[in-house]
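Visitor:
Residue numbers (our numbering): 15 to 588.
(1) For a minimum of 3 consecutive residues, which ranges assigned as the beta strand (DSSP E) are wholly contained in the stretch 317-348?
(2) From residue 238 to residue 559, what does the alpha carbon distance come to, in whole angstroms?
(3) Which residue or residues does DSSP assign as beta-bridge partners of residue 497?
(4) Assign residue 395 to one of two classes, buried (16 or more other C-beta atoms within 10 Å of its C-beta) or exposed (fewer than that).
(5) Is there contact here, the stretch 24-43 with the stretch 110-121, by at least three beta-carbon pairs under 8 Å?
(6) Apply the 10 Å Cβ neighbour rule to residue 433 and answer buried if 16 or more other Cβ atoms are within range, or exposed otherwise.
(7) Can you give me the Cβ contacts of residue 293 inside the same chain, cut-off strictly under 7 Å, excluding the 5 residues immediately before and after it?
(8) Work out the CA separation of residue 56 and residue 586 for me, nearest whole Å.
(9) For the beta strand (DSSP E) that contains residue 452, what are its first and last residues?
(10) DSSP state of residue 465, grouped into three classes?
(11) Quick one, which of 268, 534 and 570 has its alpha-carbon nearest residue 159's?
(12) So is residue 452 buried or exposed if we call it buried at 16+ other beta carbons inside 10 Å?
(13) Can you give me the C-alpha to C-alpha distance between residue 449 and residue 423, rounded to a whole angstrom?
(14) Examine the Cβ distances between the stretch 170-189 and the stretch 255-275 and report whether three or more of them are shorter than 8 Å.
(15) Per DSSP, residue 145 forms a beta bridge with which residues?
(16) Going straight from the alpha carbon of residue 469 to that of residue 407, what length do you get?
(17) Can you tell me whether residue 570 is helix, strand or coil according to DSSP?
(18) Starting from residue 162, trace the alpha helix (DSSP H) in both directions and tell me its first and last residue.
(19) Who pairs with residue 586 in a beta bridge, going by DSSP?
(20) Can you grab the Cα-Cα spacing for the pair residue 79 / residue 73, in whole Å?
(21) Just to confirm, is the Cβ distance from residue 9 to residue 167 under 8 Å?
(22) Since residue 106 and residue 196 should fall inside the 8 Å C-beta cutoff, what is the C-beta to C-beta distance between them, to a whole number of angstroms?
(23) Starting from the C-beta of residue 588, find all residues in its chain whose C-beta is less than 6 Å away, skip the five residues before and the five after it, and write them out in chain order.
(24) When the Cα of residue 339 is compared with those of 369, 210, 327 and 25, which residue comes out closest?
(25) Would you check if the stretch 545-553 and the stretch 491-510 touch, i.e. whether three or more CB-CB distances between them fall below 8 Å?
(26) Going by beta-carbon coordinates alone, are residue 334 and residue 290 separated by less than 8 Å?
(27) Using three-state DSSP, classify residue 229 as helix, strand or coil.
(28) Quick test of your reading: residue 456 and residue 446, contact by CB under 8 Å. State the CB separation rounded to the nearest angstrom.
(29) Residue 287 bridges to which residues according to DSSP?
(30) State the Cα-Cα distance for the pair residue 258 and residue 181, rounded to the nearest angstrom.
(31) State yes or no: is the C-beta of residue 471 nearer than 7 Å to some heavy atom of the ligand FAD?
(32) Exposed or buried, residue 478, counting other C-beta atoms within 10 Å across all chains shown (16 or more means buried)?
(33) Return helix, strand or coil for residue 299, following the three-state DSSP convention.
(34) Apart from the five residues just before and just after residue 481, which ones in its own chain have a Cβ nearer than 7 Å to its Cβ?
(35) Does DSSP classify residue 235 as helix, strand or coil?
(36) For a quick check, are the C-beta atoms of residue 275 and residue 174 less than 8 Å apart?
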């Protein structure tokens with residue numbers, strides 16, 4: 015059974031402070047280095063530090079203010095395993111190097127990262143399952159330091175997959191086997207060097223590979239090279255295959271792929287999973303569904319689409335002119351089982367709009383919600399739009415007649431070419447002299463910063479609430495579901511995606527303040543059934559359980575039920 019680990023489970027970060035230079039270069043004084051290190055330790059991450067004897071007192075005084083820092087053994091450069099291996103070797107430095115910086119002691123120091131990591135794993139003062147190397151002064155490469163440090167703090171609390179992994183960011187392509195010249199005469203940035211992350215066993219194996227291959231390497235080639243060069247050689251000439259991800263020497267160096275910290279929620283036999291007997295419509299597939307409980311009835315709108323995602327992530331459109339067409343199917347669900355009692359197609363002509371020729375037709379991604387005793391909807395549309403790109407349409411939804419009414423094409427608050435994923439919010443507000451409570455309609459427009467707007471008499475969305483959000487990944491967050499009042503918060507689901515092929519979608523539960531809509535809490539990143547093209551716009555809360563209507567690859571719809579405790583809201587927004 016897959017379960018979320020709460021934020022008591024953390025990574026141990028490892029670094030070193032060993033002063034190897036007789037004179038300061040590039041103005042990187044000891045004080046400068048500790049200033050940058052303060053940035054890192056102030057995040058609260060648990061970090062082990064290896065220090066040379068002459069620097070111990072300075073470090074010991076510094077860490078008195080930080081319970082999250084553990085000074086490990088003192089060690090001189092000459093005492094490192096790498097230095098001992100090089101002691102009886104007549105080696106040379108690469109021809110193309112930074113002469114003040116790239117001295118033998120520096121090359122030995124950076125090649126000792128795996129040794130320090132290995133020792134930290136053996137000691138494991140915090141009982142961690144995962145370990146990360148992070149350079150002592152790494153914050154100097156951060157351009158958006160505040161946001162990146164907040165990301166680092168959240169990363170230290172993440173849940174990780176049980177499968178072993180070793181993540182190393184890098185810039186350049188893998189070298190060819192036996193291509194020694196490419197790595198002996200100059201630095202080769204296959205890997206960045208300043209950060210890596212993996213489970214304990216995978217990190218241990220990296221040092222064991224050093225012990226197996228480095229002695230022969232240094233004796234054969236007699237070149238004392240950068241650690242990233244030797245890692246590139248290991249990758250090309252041994253069975254070692256860390257997971258490389260594209261990065262650079264800036265903020266993105268610590269931005270790991272999300273799939274390693276994404277829990278797949280569903281396990282057979284644990285959660286209730288229901289597939290519906292949807293009617294077959296030639297060239298169409300049932301996809302995402304939106305739900306509302308209205309006046310004692312469970313209403314579901316299911317989108318049908320005429321395209322098919324291949325396993326590669328490429329899309330096959332099942333229309334001779336490559337038109338993507340959406341149909342919407344209305345159902346009323348049985349009270350006990352939430353199984354549809356019928357499937358009836360909604361009448362697009364009832365919108366009252368004139369369709370124009372384009373490549374996208376129909377009301378896409380309808381979200382249902384209740385407003386002033388009516389069922390309302392909001393959807394994305396192109397063929398009714400007065401311009402050549404997406405606009406949002408709001409209106410009333412009538413399941414009894416399968417029609418729409420009072421439909422309006424909206425204007426966004428800013429000029430844009432694509433409008434999607436506006437999420438409705440409704441709250442009661444006192445109006446008039448007698449303070450009568452009347453429902454007012456709002457929409458979440460975006461999440462970074464969070465902006466909530468209200469439509470004016472000209473159907474333009476005006477932003478009325480704005481909240482800064484510095485939580486990691488929320489610059490990519492969109493949608494997804496309506497928000498439901500659980501008595502304490504408004505609870506809903508959002509998603510984000512990575513531009514891989516096939517595209518990867520991830521989900522996060524979010525809690526908003528019931529009165530102000532201010533974001534309060536959020537969950538771990540998760541997926542429902544697999545990491546890939548997975549969408550969810552339908553959500554309900556019933557008897558302490560969450561109910562989701564999901565789809566895979568814009569088909570294979572499924573209703574999923576799970577206890578709300580399975581997705582705890584363990585993070586607070588800053």
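The beta-carbon is built from N, C-alpha and C at its ideal position, and this holds for glycine as well.
Keep in mind that this is a model prediction, so the values were computed, not measured.
Guide: In short:
(1) For the stretch 317-348, whole beta strand (DSSP E) runs of length 3 or above, ordered along the chain, are 321-323, 329-331 and 338-347.
(2) If you take the alpha carbons of residue 238 and residue 559, they lie about 60 Å apart.
(3) According to DSSP, residue 497 bridges with nothing at all.
(4) Taking all protein chains in view, the Cβ of residue 395 is crowded by 16 or more other Cβ atoms within 10 Å, so the residue is classified as buried.
(5) The stretch 24-43, when compared against the stretch 110-121, does touch it at the 8 Å Cβ threshold.
(6) It counts as buried.
(7) Excluding residues within five positions, the ones whose Cβ falls inside 7 Å are 357.
(8) Between the alpha carbons of residue 586 and residue 56 lies a distance of about 18 Å.
(9) Counting along the chain, the beta strand (DSSP E) containing residue 452 begins and ends at 450-461.
(10) Strand.
(11) If we check each option's Cα against that of residue 159, 268 comes out closest.
(12) Classification of residue 452: exposed, given that the 10 Å Cβ count is below 16.
(13) Between residue 449 and residue 423, the C-alpha separation is close to 31 Å.
(14) Flag = yes, the stretch 170-189 and the stretch 255-275 touch.
(15) Bridge partners of residue 145: 26 and 212.
(16) Straight-line Cα distance between these residues: approximately 12 Å.
(17) It is a strand residue.
(18) Start and end: 159-169.
(19) Answer by DSSP bridge pairing, in chain order: 535.
(20) About 11 Å.
(21) Any answer about residue 9 is impossible in this case: the structure gives the chain only from 15 up to 588.
(22) The C-beta separation of residue 106 from residue 196 comes to about 17 Å, leaving the pair out of contact by the 8 Å criterion.
(23) Cβ neighbours of residue 588 beyond the five flanking positions: 484.
(24) Relative to residue 339, the option among 369, 210, 327 and 25 whose CA is nearest is 369.
(25) Between the stretch 491-510 and the stretch 545-553, the count of Cβ pairs shorter than 8 Å is three or higher; the stretches touch.
(26) It is not a contact, given that the beta carbons lie outside the stated cut-off.
(27) Assignment of residue 229 by DSSP, reduced to helix, strand and coil, places it in the helix class.
(28) Between residue 456 and residue 446 the beta-carbon gap is near 20 Å, outside 8 Å, which marks them as no contact.
(29) In the DSSP output, where bridge partners are listed per residue, residue 287 has 574.
(30) In this structure, the alpha-carbon of residue 258 lies about 6 Å from that of residue 181.
(31) This structure lacks the ligand FAD, and indeed carries no ligand of any kind.
(32) By the neighbour-count rule (16 or more Cβ atoms within 10 Å), residue 478 is not buried but exposed.
(33) DSSP, reduced to helix, strand and coil, places residue 299 within a strand of the structure shown.
(34) Around residue 481, the same chain offers 463, 464, 532 and 533 as residues with beta carbons nearer than 7 Å, after the five sequence neighbours per side are excluded.
(35) Residue 235 falls in the helix class under three-state DSSP.
(36) Yes. Within cutoff.
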